[in-house]
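> Protein chains in written order, with the UniProt record's numbering: chain A, 1 to 209; chain B, 1 to 209; chain C, 1 to 209; chain D, 1 to 209; chain E, 1 to 209; chain F, 1 to 209; chain G, 1 to 209; chain H, 1 to 209.
Glycine included, each C-beta is placed from N, C-alpha and C at the ideal position.
The structure that follows is given in the form of structure tokens.
Number of protein chains: 8
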Amino acid sequence: MTKPYTKLDKDNAAVLLVDHQAGLLSLVRDIDPDKFKNNVLALADLAKYFELPTILTTSFEDGPNGPLLPELKARFPDAPFIARPGQINAWDNEDFIKAIKATGKKQLLIAGVVTEVCVAFPALSAIEEGFDVFVVTDASGTFNEITRQAAWNRMTQAGAQLMSWFAVACELHRDWRNDVEGLGTLFANHIPDYGNLITSYNTVNSKTK
Amino acid sequence: MTKPYTKLDKDNAAVLLVDHQAGLLSLVRDIDPDKFKNNVLALADLAKYFELPTILTTSFEDGPNGPLLPELKARFPDAPFIARPGQINAWDNEDFIKAIKATGKKQLLIAGVVTEVCVAFPALSAIEEGFDVFVVTDASGTFNEITRQAAWNRMTQAGAQLMSWFAVACELHRDWRNDVEGLGTLFANHIPDYGNLITSYNTVNSKTK
Amino acid sequence: MTKPYTKLDKDNAAVLLVDHQAGLLSLVRDIDPDKFKNNVLALADLAKYFELPTILTTSFEDGPNGPLLPELKARFPDAPFIARPGQINAWDNEDFIKAIKATGKKQLLIAGVVTEVCVAFPALSAIEEGFDVFVVTDASGTFNEITRQAAWNRMTQAGAQLMSWFAVACELHRDWRNDVEGLGTLFANHIPDYGNLITSYNTVNSKTK
Amino acid sequence: MTKPYTKLDKDNAAVLLVDHQAGLLSLVRDIDPDKFKNNVLALADLAKYFELPTILTTSFEDGPNGPLLPELKARFPDAPFIARPGQINAWDNEDFIKAIKATGKKQLLIAGVVTEVCVAFPALSAIEEGFDVFVVTDASGTFNEITRQAAWNRMTQAGAQLMSWFAVACELHRDWRNDVEGLGTLFANHIPDYGNLITSYNTVNSKTK
Amino acid sequence: MTKPYTKLDKDNAAVLLVDHQAGLLSLVRDIDPDKFKNNVLALADLAKYFELPTILTTSFEDGPNGPLLPELKARFPDAPFIARPGQINAWDNEDFIKAIKATGKKQLLIAGVVTEVCVAFPALSAIEEGFDVFVVTDASGTFNEITRQAAWNRMTQAGAQLMSWFAVACELHRDWRNDVEGLGTLFANHIPDYGNLITSYNTVNSKTK
Amino acid sequence: MTKPYTKLDKDNAAVLLVDHQAGLLSLVRDIDPDKFKNNVLALADLAKYFELPTILTTSFEDGPNGPLLPELKARFPDAPFIARPGQINAWDNEDFIKAIKATGKKQLLIAGVVTEVCVAFPALSAIEEGFDVFVVTDASGTFNEITRQAAWNRMTQAGAQLMSWFAVACELHRDWRNDVEGLGTLFANHIPDYGNLITSYNTVNSKTK
Amino acid sequence: MTKPYTKLDKDNAAVLLVDHQAGLLSLVRDIDPDKFKNNVLALADLAKYFELPTILTTSFEDGPNGPLLPELKARFPDAPFIARPGQINAWDNEDFIKAIKATGKKQLLIAGVVTEVCVAFPALSAIEEGFDVFVVTDASGTFNEITRQAAWNRMTQAGAQLMSWFAVACELHRDWRNDVEGLGTLFANHIPDYGNLITSYNTVNSKTK
Amino acid sequence: MTKPYTKLDKDNAAVLLVDHQAGLLSLVRDIDPDKFKNNVLALADLAKYFELPTILTTSFEDGPNGPLLPELKARFPDAPFIARPGQINAWDNEDFIKAIKATGKKQLLIAGVVTEVCVAFPALSAIEEGFDVFVVTDASGTFNEITRQAAWNRMTQAGAQLMSWFAVACELHRDWRNDVEGLGTLFANHIPDYGNLITSYNTVNSKTK
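Spelled out as structure tokens, the structure:
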């Protein structure tokens, strides 16, 4: 009774960044803000590095929810950016669906704020329409651990796969030999411990030459 | 192998508030009391806001378990209120079942004290009878994290969906344009961070006019 | 796609207390020792109160694992007590199986030390043989949260239901009217907050007469 | 070598609420937001109840720091309100000092956001000028436990007394007989557990009459 | 610059149990209720074992605060019991002071609910009057860690010594040879791990004889 | 609807130790480093004790990831050791697969660093190819609890069984009588509490002879 | 008995960054690595912003301790940089003392890795020689909370003041009007929540013009 | 008002290991057992490395408290070993005092189980007699954080200095050049992260030669 391993494929994956807005970020309290911002930018850099089609969307950004995190906007100046006029579930917005379908990809990496709404609703909708959904858990945030666990539980029941941005990067890359420096730089920029390993390694290596 | 997304529908949902009694509340130690009271009242306000049929029930309220939280009674003066003479599982009380069936709804939002008994027992019974059950996790409380996780595990195995009151509100509302002010007020009253966003936003906006 | 609710039935349930031994208890570090001892004795008192057939077993009690907790032995002087000569999984001991089968019950409430071995192994074996297994999570202990969560995960996958001793008592009792004082005493003896409610209630009531 | 007990005296105490602003509140992560808001309002209600002279101040409220929490402004419509044009330490603002001196009190109860700046700086300054300083710890918030502990450490070294709003209320009130209902209401409004005790007590009492 | 070690002396110590009342106990959330009740009874048993004069007091016990924990009343049927008519600081009650002075002791062991009021106020008052004050920290409880730490900080500043009930028992006993069985029983009754050590030890010893 | 219990069998199990490298270990922050090293060596000692075929592999060990933990290399001098030239998923390396197939075993015990990549990827691949996969959770480490829980969730969905090294040892051993001293030594060396039980037991026993 | 407030003065303060080396950073486990790196760079940016003389030092940087964090070196290309040949306490190195004395400052801001050694030793030495010492707690790291608390305790006993980098910045700046944009940028770069406040504020402001 | 820095001096320090007994260790629950054992052995190895006179003592080792940890006995076969016949405070045992005085040292490093008794009592006594006391906090253990903090508080008030074993080693060694390999080995054996740094460093260095 073995199961096929639904593996991320860089030629078949798209990234959905949902509602990482300056105001909504103040609601996120299940991850420390320094760490959360780092994770979100790591996912964005990963999307750029693997050249995954990326779609940005915001909810009501002219109101208290606030504008999209400027660092995200800056990283994807040409990406589809859907400022939803009111739909809470991004999947209820036709432009968002069109943008997704335009990518032609069947694997969706979803992250957003807050997890049980902006991530879970489109995740559940996407699964219903036959997409493979991968939730980037550490680039998604919510009010507290109870709400996070409830959200994960609901998405898992429906068949979503839960991942971290690091696991996503590794599963997309497959083999270090495809590009050692590129992946190493991505890790060094977003994982201080990894950056330290590289610093120490390079220092010893250069001295001993 | 995609699955249909069982989504909350405000025309098909009823709320069951089970045993939020003054005495029993002292047993709740998996959520901080300030936060827990806020969550319970948020769920009540949400039920009123969406005009969901709401049913109140208590267990043995003349004894040490104590009376229903007065703020709940005050919010639903005309709701069915079943003071159970002894049944621990509210589903074993005929009046409770009648009240539920009288609503004609198939989606039940359940919250109560304590999670593994007052929520889990009717949740499991309702699923058995074909209802769609949504547990409002953060408006339900119990002794500690171990008992909470065990209760969640059992309900999930049976097919209950775990949600937070915030996710419930969002899934019922669907689109901010249905009523920006109403939903915003609900959030501002029960999420201090959201209230602060609105305060700041309104202040800047009014000054700049 | 509704499911039958496999509910505890006091006429069809037996309790298995596995390896609550003086030495092994020092390994339990996922629950505070005061609370853990209280939970184990609560489960024992519950078993006596509902007159559930109860089976005691120990592993290697003449060695470092130490003797059965004396309070358990004292509560069940006439219960089957299988001091296993070496089998780690109690289910591998014929006398243990015979004792279980002699009860004629199909629902097994299992608790023990440590969770991932002394509870999980017989739980998985019992499920395989067609029993309904209910793990009493808070009367079972292990090294830390990682080992507990792994054990719960494995047992859940196999179909065990996770409960707390309080939920077990409530599901067995069904209705307070079956015996208010008996159940109240069980709770007061093992839940300080509940004891306090009763004390306060009785005091006010007696004064106002 | 006994020491005099510097006790709060309601005829000699004033309250300083420093920078509880809608924007700055998003920085507070060492206390849960529901609980923190409740504590701040409890301190405000306490100040009103004991008729303590209260002084409000904000830092740069026209910028991102945002306006004073509206609930505070509403509670003290006639209190001195010093919108500081730039001084970070409120004690560096002459109007603030004048307002304090105008009260004629020597005991200062200080709370604010963030603890190590908006509370600690005026606390240290006030001690230097001979005031008795009482920090209301749970109505003050900061980034995390490390920054809180460092701030407490520095203020304690200088001689500040650390209190909770509840201890402040009790030390000011001295004797329940001064006004049972007033103090009871203050507690019931801000301590859910206390409110529940009163609800249960009143219910039993009224029924038994 | 060495300092004299102010050591507990069983001929010079009295115990003050302040406001361990059934209602107030529901406010204690910085220690788990099972453990807290155990600690309070351990302190009571210790007081009896060392025959320390013990004084009981309650605040407003006819109201919502509720009656004294019955187990305490039962252990000290003949001890002075001051039901204070309203004074929050027990030290403001003349009968309480008289009872303390009647013991003739200069070392006061204080425990109570809640720490920052019922313990801290009499502790600070007693120090002011020249008593040596020892706070039994783990038999005293309060709302949360912030309020506990603030209370400890204030009492330490004034010169109180912070202890646990176990340290108190050991410092009073001085030498196991004074009574091995008595002290061992006290520990076995209130420290499950210690009870297990004794059980295992006795079992091996008896078998090998 | 009972299920067969897929039980570890020492004649059918192999151990895969994936990427426990000196550099990568600095990334592990979901388990304390003292404890984690102990768990990894316990698994290694267990593999040797039960003579399970064991396969070592590293990722890019000449770079910053660093060499295999020397204690592992020392314990398995003759085991297959695959220094992967670049494949992130060890299962993508042909030599690794060959080494596994050469063992002829169908049960794979997998541990590694980091959990969501070096453990999860080969675990998912192995399940797909029909192996029974047992993840040794406490000998696997990752960045934090969020990434761990996401990884566990994904592997559980696919059918992996989660265990601890202690449960693995017990399930493989089946009966203490197979070798009391050997298993006891394994436990004493890696579980300080168990070592203490043995020390105390032996001491009393030897004295009483 | 009032005390003078020893306040940071930007004309009298120097910064000592001790042993923030790539290898040693892997030892820091009392602060999350993302947050810790951010705090260290915040302190560095603060030192540059206020033009405080800054001294860098490392311990044994050619060995396993590794080189100085490159981002620190890059920020202070011309600062005194003392690579100590072996002294553990930087204060035992003459060049380090000379560099400090050359600044002519009496207030020393110290941060480093690990807290109880690289920070505490020079802090205690500096106090002995009459400097005012301010420990930047959140830019200093160590093995765990126990070692941190012990280190803080020892330094506090000796008279060091504990601060956070944010408090340092505020106490040095004194008044926002000295430079709103500069301080705001420092905060936005290192406090995500503050950055979000500024983003939201600027967005609304620009739209309403 | 500068203070002399009381610094550890390897020619003037002795180590007291108090009651690290197999039975008593099961009481320690404020530090994880793997980590605690490692810390205790690190302190022992440190004492041997610096050739500090070391004194071992146990309380009632023939009873349930159990024998001294065998690894300690093995490390100090010739050290004074005082098996106290009953005194709880080791300082009350004349042989213990004689052994301390025989060393001629004035600096005492004390560690033991449990912190508030076996460490605190001799620490307070030693301070009273003019010794400089350094508590090795992480090689001392107790029931929980509350009892630890209370114990630390009492010892700090009396003038004890709190340290970690790592800080002790560094303060005694003063300069790496006194012996790089010896200190490095001590650290590598007891700090896995440090061991990994050395492994990685040596590997790169050896390869590049």
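At a CB-CB cut-off below 7 Å, which residues of chain F make contact with residue 26 of chain G?
For this step, residue 26 of chain G is matched to residue 26 along the seventh sequence. Neighbourhood of residue 26 of chain G in chain F, by CB distance below 7 Å: 26, in chain order.
> Rounded to a whole number of angstroms, what is the C-alpha to C-alpha distance between residue 35 of chain B and residue 141 of chain B?
Reading the second sequence from its first residue, position 35 is the one you call residue 35 of chain B. Reading the second sequence from its first residue, position 141 is the one you call residue 141 of chain B. Going from the Cα of residue 35 of chain B to the Cα of residue 141 of chain B covers about 11 Å.
> Compute the Euclidean distance between the alpha carbons of residue 115 of chain G and residue 27 of chain G, then round it to the nearest angstrom.
Numbered from 1 along the seventh sequence, position 115 holds the residue referred to as residue 115 of chain G. Numbered from 1 along the seventh sequence, position 27 holds the residue referred to as residue 27 of chain G. Their Cα atoms are separated by approximately 11 Å.
> Distance cutoff 8 Å, beta carbons only. Does residue 29 of chain A sit that close to anything in chain D?
The residue labelled residue 29 of chain A in the question sits at position 29 within the first sequence. Cβ-Cβ to chain D under 8 Å: yes for residue 29 of chain A.
> I'd like the span of the alpha helix (DSSP H) that includes residue 58 of chain F, first residue to last.
Position 58 of the sixth sequence, counted from the first residue, corresponds to residue 58 of chain F. Segment 54-59 is the beta strand (DSSP E) holding residue 58 of chain F; no alpha helix (DSSP H) there.
> When you compare the stretch 35-49 of chain E with the stretch 129-139 of chain E, are there three or more beta-carbon pairs, one atom per stretch, that lie closer than 8 Å?
yes
> Is residue 16 of chain A closer than 8 Å to residue 55 of chain A when the C-beta atoms are compared?
Here residue 55 of chain A is taken as the residue at index 55 of the first sequence, counted from 1. Here residue 16 of chain A is taken as the residue at index 16 of the first sequence, counted from 1. It is a contact, given that the beta carbons lie within the stated cut-off.
> Leaving aside the five residues before and after residue 118 of chain H along the sequence, list all residues of the same chain whose C-beta is less than 6 Å from its C-beta, in chain order.
As a first step, residue 118 of chain H must be located in the eighth sequence, where it is residue number 118. Counting only Cβ-Cβ distances below 6 Å, and skipping sequence neighbours, we find 18, 19 and 112.
> Please classify residue 2 of chain B as buried or exposed, where buried requires at least 16 neighbouring CB atoms within 10 angstroms.
Along the second sequence, one-based indexing puts residue 2 of chain B at 2. Only exposed fits residue 2 of chain B, as fewer than 16 other CB atoms lie within 10 angstroms of its CB.
> Taking its Cβ as the centre, do 16 or more other Cβ atoms sit within 10 Å of residue 154 of chain G, making it buried, or is it exposed?
Here the question's residue 154 of chain G lines up with position 154 in the seventh sequence. Buried is the call here.
> Kindly indicate the opening and closing residues of the alpha helix (DSSP H) around residue 30 of chain C.
Looking up residue 30 of chain C in the third sequence gives position 30. Residue 30 of chain C -> no alpha helix (DSSP H), and no H or E assigned at all.
> Could you tell me which of C/187, C/205, C/193 and C/198 sits nearest to residue 45 of chain C, measuring between CA atoms?
To locate residue 45 of chain C, count along the third sequence from 1; it is residue 45. Residue C/187 is the option with its Cα nearest to residue 45 of chain C.
> Which partner residues does residue 108 of chain A have in the DSSP bridge list?
The residue labelled residue 108 of chain A in the question sits at position 108 within the first sequence. For residue 108 of chain A, which the question treats as bridged, DSSP gives the partners A/14 and A/133.
> Is the stretch 69-84 of chain D in contact with the stretch 121-134 of chain D, if contact means three or more CB pairs nearer than 8 Å?
Not touching, per the Cβ criterion.
> So if I threshold CB-CB distances at 7 Å, which residues from the stretch 178-199 of chain H count as touching chain F?
192, 193, 196 and 199
> How many Å lie between residue 104 of chain A and residue 190 of chain B at the Cα?
As a working mapping, residue 104 of chain A is identified with position 104 in the first sequence. As a working mapping, residue 190 of chain B is identified with position 190 in the second sequence. Each residue's Cα considered, the two are about 41 Å apart.
> Taking the alpha carbon of residue 52 of chain A as the point to measure from, which residue in A/10, A/173 and A/29 has its own alpha carbon closest?
Here residue 52 of chain A refers to the residue found at position 52 when the first sequence is read from its first residue. Nearest C-alpha to residue 52 of chain A: A/10.
> Using a threshold of 8 Å, state whether the C-beta atoms of residue 134 of chain D and residue 168 of chain D are closer than that.
By 1-based counting over the fourth sequence, the position of residue 134 of chain D is 134. By 1-based counting over the fourth sequence, the position of residue 168 of chain D is 168. Yes. Within cutoff.
> Considering Cα atoms alone, identify which of B/180, B/69 and B/171 is closest to residue 90 of chain A.
By 1-based counting over the first sequence, the position of residue 90 of chain A is 90. The candidate whose alpha carbon is nearest that of residue 90 of chain A is B/171.
> Do you know how far the Cα of residue 50 of chain C is from the Cα of residue 199 of chain E?
Stepping through the fifth sequence from its first residue, residue 199 of chain E is reached at position 199. Stepping through the third sequence from its first residue, residue 50 of chain C is reached at position 50. Whole-angstrom Cα-Cα distance: 29 Å.
> Would you call residue 148 of chain C buried or exposed, if buried means 16 or more other Cβ atoms sit within 10 Å of its Cβ?
Mapped onto the third sequence, residue 148 of chain C falls at position 148. Counting Cβ neighbours within 10 Å, residue 148 of chain C comes out buried, since at least 16 surround it.
> Less than 7 Å between the CB of residue 204 of chain A and some heavy atom of the ligand GTP, yes or no?
Ligands displayed in this structure: none; no statement on the ligand GTP is therefore possible.
> In this structure, does DSSP put residue 8 of chain D in helix, strand or coil?
As a position in the fourth sequence, residue 8 of chain D is number 8, starting the count at 1. Annotated three-state conformation of residue 8 of chain D is coil, per DSSP.
> In terms of DSSP beta bridges, what is residue 113 of chain A paired with?
Here residue 113 of chain A refers to the residue found at position 113 of the first sequence. In the DSSP output, where bridge partners are listed per residue, residue 113 of chain A has A/141.
> Between residue 5 of chain G and chain B, is there a C-beta pair that is closer than 8 Å?
The count along the seventh sequence starts at 1 and reaches residue 5 of chain G at position 5. Taking 8 Å as the CB threshold, residue 5 of chain G stays off the interface with chain B.
> Using a Cβ-Cβ cut-off of less than 8 Å, give me the residues of the stretch 30-63 of chain D that come near chain B, in sequence order.
32, 33, 34, 35, 36, 37, 38 and 62
> Three-state secondary structure (DSSP) at residue 82 of chain G?
Within the seventh sequence, residue 82 of chain G is the residue found at index 82, counting from 1. The answer is strand: DSSP assigns residue 82 of chain G an E or B state.
> For residue 47 of chain B, which residues in the same chain have their Cβ closer than 7 Å to its Cβ, ignoring the five residues on either side in sequence?
Reading the second sequence from its first residue, position 47 is the one you call residue 47 of chain B. Excluding sequence neighbours, residue 47 of chain B sits near 15 and 54.
> With H, G and I counted as helix, E and B as strand and the rest as coil, what does DSSP make of residue 24 of chain F?
As a first step, residue 24 of chain F is located in the sixth sequence; it is residue number 24 there, counting from the start. DSSP places residue 24 of chain F in helix when its eight states are reduced to three.
> Which residue's Cα is closest to the Cα of residue 80 of chain G: G/181, G/146, G/5 and G/97?
In the seventh sequence, counting from the first residue as 1, residue 80 of chain G sits at position 80. If we check each option's Cα against that of residue 80 of chain G, G/97 comes out closest.
> Whole angstroms are fine: how far does the CA of residue 152 of chain H sit from the CA of residue 162 of chain H?
Taking the first residue of the eighth sequence as position 1, residue 162 of chain H is located at position 162. Taking the first residue of the eighth sequence as position 1, residue 152 of chain H is located at position 152. Whole-angstrom Cα-Cα distance: 8 Å.
> Assign residue 182 of chain C to buried or exposed, taking buried as 16 or more other Cβ atoms, counted over all protein chains shown, within 10 Å of its Cβ.
Your numbering for residue 182 of chain C matches position 182 in the third sequence. So residue 182 of chain C ends up on the exposed side.
> Might you give, ordered along the chain, the residues of its own chain that have their beta carbon closer than 7 Å to the beta carbon of residue 8 of chain B, omitting 5 neighbours on each side?
The count along the second sequence starts at 1 and reaches residue 8 of chain B at position 8. Taken in chain order, the residues that qualify are 107, 134, 168, 171 and 172.
> Compare the beta carbon distance of residue 88 of chain D and residue 175 of chain G with 8 Å and say whether it is the shorter of the two.
In the fourth sequence, counting from the first residue as 1, residue 88 of chain D sits at position 88. In the seventh sequence, counting from the first residue as 1, residue 175 of chain G sits at position 175. Yes, these two residues count as a Cβ contact at 8 Å.
> Look at residue 128 of chain D and residue 5 of chain G and say whether their C-beta atoms are less than 8 Å apart.
Walking along the fourth sequence from the start, residue 128 of chain D turns up at place 128. Walking along the seventh sequence from the start, residue 5 of chain G turns up at place 5. For residue 128 of chain D and residue 5 of chain G, yes; Cβs fall inside 8 Å.
> Take the Cβ of residue 180 of chain H as the centre, count every other Cβ of all protein chains shown within 10 Å, and call the residue buried at 16 or more, exposed below.
Along the eighth sequence, read from residue 1 onward, the residue named residue 180 of chain H stands at position 180. With fewer than 16 other Cβ atoms within 10 Å, it is exposed.
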